[in-house]
Each structure stands twice: as structure tokens, then as C-alpha cells.
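What follows is a single structure, written as C-alpha cells, with notes after it.
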Amino acid sequence: MGEGSKATVAIVGGGPAGLAAAEVLSQAGVRVHLFDAMPSVGRKFLLAGRGGLNLTHAEPTARFMTRFFERSPTLQPMLEAFGAQALRDWAKGLGIDTFVGSSNRVFPTDMKAAPLLRAWLHRLRQQGVVLHARHRWVGWAGEPGRSALRFQTPDGEVQHPAELTLLALGGGSWSRLGSDGAWVQPLQALGLDVAPLESANCGFDVAPTAPDRTGWSTYLVDKFAGQPVKPAVMTVLDPKGQVWRQQGEFVLTATGIEGSLVYALGKPIRDMVRHSGQCTVHIDLLPQHTPEQVLAEVQRPRGPRSLATHLKSRLNLHGLKVALLHELLPRDVLDHDPVQLAAAIKALPISVQRTRPMDEVISTAGGVRFEGLDAHLMSRQVPGLFVAGEMLDWEAPTGGYLLTASMATGRWAAQGMLNRLRSSAS
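Listed below in C-alpha cells is the structure:
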């Protein structure tokens with residue numbers, strides 16, 4: 029394509045994937061119309077940056093690639109084309125410097141999302157991208173993928189022709205920001221293969237800890253809900269027998285557990301819940317101590333001191349960690365069985381039984397399966413229709429992986445659209 033191209037494409041969805049695709053296409057001289065149902069684009073992007081915009085992750089590339097579970101091989105070429113360093117270079121090109129935090133997460137130096145989004149939208153407008161707000165996509169006027177797209181607007185229904193269309197409508201979380209998953213049924217009706225959407229990067233509700241409870245005890249919730257457990261190592265066995273283990277921190281909630289460590293292992297936890305009705309994760313409360321060290325200290329005579337005082341004095345174990353031991357272990361183990369107590373400190377079992385509801389989670393799993401798309405994310409069922417971002421059937425934990433892969437898939441789909449336009453023009 030050249031600067032004088034008359035080709036027109038439509039991008040539906042103004043999140044990172046859609047904006048990234050618009051950038052690639054408009055740079056090649058394609059006329060891009062981008063539509064979003066909300067009053068402005070990038071709303072989820074801005075909300076994600078409220079606590080500091082986590083752009084990507086600076087861990088080694090080989091480790092980075094594993095964060096996408098079984099979809100890692102599929103996403104690998106897209107992430108090789110636009111990965112963590114490429115994203116940082118891209119931000120630099122917009123005048124946004126970045127830094128690597130203590131956890132290897134990458135942030136803008138000012139931690140804010142708004143300046144980056146403003147610079148990005150300014151570039152897109154300069155490249156000729158036309159943004160249409162308050163345009164909710166409702167299908168096609170005729171044959172899907174070949175006829176004009178239909179949109180509901182405050183002024184009634186309008187139609188826009190396009191040679192090619194990219195859908196980048198997000199997953200099924202954050203419905204108030206536009207990612208409501210309403211596209212699932214219409215695409216399934218067209219014959220696209222869509223895996224059911226489900227909660228990802230989410231909290232889990234704990235299984236009852238006693239016959240007379242539905243979850244945590246009132247005491248534990250009243251005193252400790254919202255507090256972190258750190259440092260800790262979580263171990264999960266998935267239905268295939270694979271052991272997942274990671275160090276980090278998680279948070280006790282009124283109904284269970286959540287936080288970065290839970291998100292990192294959320295997929296194997298969710299898989300086991302689906303397979304067995306619940307999943308028991310094991311928590312090492314003292315990852316800096318060996319089992320032998322813990323046992324030696326627990327076995328030391330404590331005289332008149334309470335168990336809590338003894339554990340704090342000998343192992344610096346206190347607060348919520350000790351409260352969890354009291355919550356989950358029988359009284360006779362706490363008082364009379366130092367061997368089992370020491371084992372529990374190194375592998376405390378917590379059983380969870382369901383994810384939190386989809387609309388309160390960070391992202392969703394499921395979506396349009398790659399098997400129904402070609403190598404550049406075009407639907408085999410509806411030629412001319414491309415899909416990118418969180419609409420696709422992949423997932424990743426928090427840490428910048430979601431944003432990086434969303435942008436990578438948007439750019440990859442845009443390249444596929446360029447290839448198709450060039451083929452049709454030749």
C-alpha cells in the first residue's frame with residue numbers, strides 16, 4: 029500500500045489492540061475508521077493506569093513467552109514481532125520514558141496512562157485515523173464481512189462501508205467500560221468458533237473452613253480482610269498432574285483469596301476447580317526457611333508462652349499468617365503436634381471452589397479460537413473479518429503481559445489486513 033491508497037478499513041473497538049492496528053494501517057496509507065461504543069476510546073487503558081500503568085514486563089524473553097500457557101506457541105511470532113522491548117521503544121517514540129520496577133514490571137516514568145494515550149491519539153489523528161465515539165456495532169447490512177457495518181448511535185442507526193474489518197471489542201469483564209462480551213452470540217451465529225468466556229485474573233472463593241461456615245470465619249474477615257500474605261510461595265497441582273509453583277504475595281478477601289500470586293496461577297487453579305469442583309493450593313508461609321529450620325524452631329520448648337508469641341519470637345511469624353494457621357488447622361495440631369504444624373507452615377492447604385463473578389475481574393479467558401482463524405487472524409468462516417486483542421482465546425496474568433499481547437495481536441492482524449489489501453490490488 030502507498031500513501032495514496034484509497035483502501036478503507038473499519039476497526040471496531042478503541043482499546044490497545046484496536047489502536048495498535050489503526051497505527052500500523054494508517055502508517056501504510058490506509059484510510060482507517062475506528063469505532064467505539066463508549067464516549068471516548070481507551071477507557072479500560074486509563075483505568076488500568078490509575079495505580080501506575082504497567083506497560084510490559086522486563087523478564088527474559090523465554091520466561092515471558094511462557095506466561096500465555098498453552099497459547100504461548102501461537103502467540104510467539106506475534107510477540108517476537110512486537111514484544112516487551114519493542115513496546116518500550118514505541119512508548120519512547122511517543123515521548124514517554126519508561127523504567128523497570130523492582131518486580132521487573134515496566135512503567136512510564138510518571139506512572140500515568142493519560143499522557144501516553146493523548147500522545148498516541150494525537151499521532152493517530154495526524155495519520156488520518158477517524159475516530160467515531162458512541163458507535164455500538166450491531167452487525168452488517170448484508171453479507172457479513174462484505175457489506176457495510178451497522179452501528180447504533182445516539183442519532184439512530186448508521187452504516188459504514190469497509191473493505192476489511194477488524195473486531196477488537198475486548199473480553200467480558202469491565203462491562204461499564206465497554207468490554208461486555210456481547211459479541212459472543214453474534215459471532216457464534218456466524219459460525220465462528222468461540223470458547224466460552226470465563227473469569228481470569230480473578231479472586232477465588234474459599235471452600236467452607238468448618239461445617240457451620242460458608243467461607244472464612246467472621247473473626248478472620250473482620251480483622252484481616254484486605255491484608256496481604258507476603259512473602260509466600262503458592263503451589264498448585266493441575267488436572268494433568270503438572271505442578272505450578274511461584275513466589276509472590278496474595279490478599280485475603282472477605283470471601284477468599286486474590287492478588288498477583290493468585291492471578292499468576294489462576295489458570296491451573298481454575299482448571300482444577302472445573303475438573304474436581306475445588307482446588308487446594310498449598311502456601312509456604314516462610315519461603316526463606318527450610319523445612320528443617322522451621323521444624324527445629326517449632327519443636328523448641330515454649331514454656332508458658334502462647335503459640336503466637338513462640339512463632340513470632342522464633343520464626344518472625346505473626347499477624348495474618350498465624351491467623352491462617354488457627355483458621356485452617358485443628359486445635360490439637362496447633363497445641364500438640366509440632367511436626368504437622370511445621371509441615372503446615374511450609375505447605376498450608378487452602379481450598380477454593382469458584383472464581384469471582386466475571387464483571388468484577390481484571391480479564392477473561394476464552395474467546396475466538398485461533399483454530400478458526402488464518403495465520404494473520406482473519407476468520408476462515410467470514411473472509412475479510414479479522415479479530416485481535418482480548419477477544420481471542422488466550423489469557424495471561426497481570427504484569428504487563430495482557431497489554432503487550434493485545435497490542436501485538438492488533439499489529440499482527442493489521443499486517444494481515446495490509447497483505448490482503450495488497451493481494452487484492454495486484
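Residue numbers (the working numbering): 29 to 454.
Where a beta carbon is used, it is the ideal one built from N, C-alpha and C, also for glycine.
query                                                                                                                                                   : result
If you count every other CB in all the chains shown that lies within 10 Å of the CB of A282, and 16 or more means buried, which is it?                  : exposed
Let me know if K72 comes out buried or exposed under the rule of 16 or more other beta-carbons within 10 Å of its beta-carbon.                          : buried
Would a C-beta distance cut-off of 7 Å place A403 and A49 closer than the cut-off?                                                                      : no
Looking only at its own chain, which residues have a Cβ that is under 7 Å from the Cβ of L215, when we skip the five neighbours before and after it?    : V222, V396
For T392 and L225, which I take to be in contact (beta-carbon distance under 8 Å), what is that distance rounded to the nearest angstrom?               : 5 Å
Going by C-alpha to C-alpha distance, which of G46, M139, A372 sits closest to G79?                                                                     : M139
Could you please give the first and the last residue of the uninterrupted beta strand (DSSP E) stretch that includes I39?                               : 36–40
How about A436 and F96: do their beta carbons lie closer than 7 Å?                                                                                      : no
In angstroms, rounded to a whole number, what distance separates the CA positions of D233 and G43?                                                      : 30 Å
Three-state secondary structure (DSSP) at P329?                                                                                                         : coil
In the DSSP assignment, find the unbroken beta strand (DSSP E) run with G187 in it and report its ends.                                                 : Reading the sequence as shown, one finds Gln at residue 187 and not Gly. Unbroken beta strand (DSSP E) run through Q187: 184–188.
Reducing DSSP to helix, strand and coil, say where D233 ends up.                                                                                        : strand
Look up T308 in the DSSP assignment and give the residues it is bridged to.                                                                             : S379
What is the residue span of the alpha helix (DSSP H) that V373 lies within?                                                                             : According to the sequence shown, residue 373 is Ile rather than Val. Segment 366–374, the alpha helix (DSSP H) holding I373.
Of the residues A433, L446, A253, which one's Cα is nearest the Cα of F110?                                                                             : A433
When you compare the region 365–384 with the region 281–295, are there three or more beta-carbon pairs, one atom per stretch, that lie closer than 8 Å? : yes
Tell me which same chain residues have a C-beta within less than 6 Å of the C-beta of G30, skipping the five on either side of it?                      : With a pLDDT of 43 at G30, under the threshold of 50, the modelled position of that residue is not reliable, and no figure is offered here.
Quick one, are the C-beta atoms of A147 and G121 less than 7 Å apart?                                                                                   : no
May I ask which residues mark the beginning and end of the beta strand (DSSP E) holding Q274?                                                           : 271–280
Taking the C-alpha atoms as reference points, what is the distance between I297 and T237?                                                               : 18 Å
For a minimum of 4 consecutive residues, which ranges assigned as the alpha helix (DSSP H) are wholly contained in the region 36–82?                    : 44–55, 71–76
Rounded to a whole number of angstroms, what is the C-alpha to C-alpha distance between S207 and M66?                                                   : 10 Å
What are the residues that DSSP puts in a beta bridge with M262?                                                                                        : Q274, I311
What's the gap between the Cα of A161 and the Cα of K374?                                                                                               : 53 Å
Quick test of the definition: if touching needs 3 or more C-beta pairs under 8 Å, does the region 250–266 touch the region 191–210?                     : no
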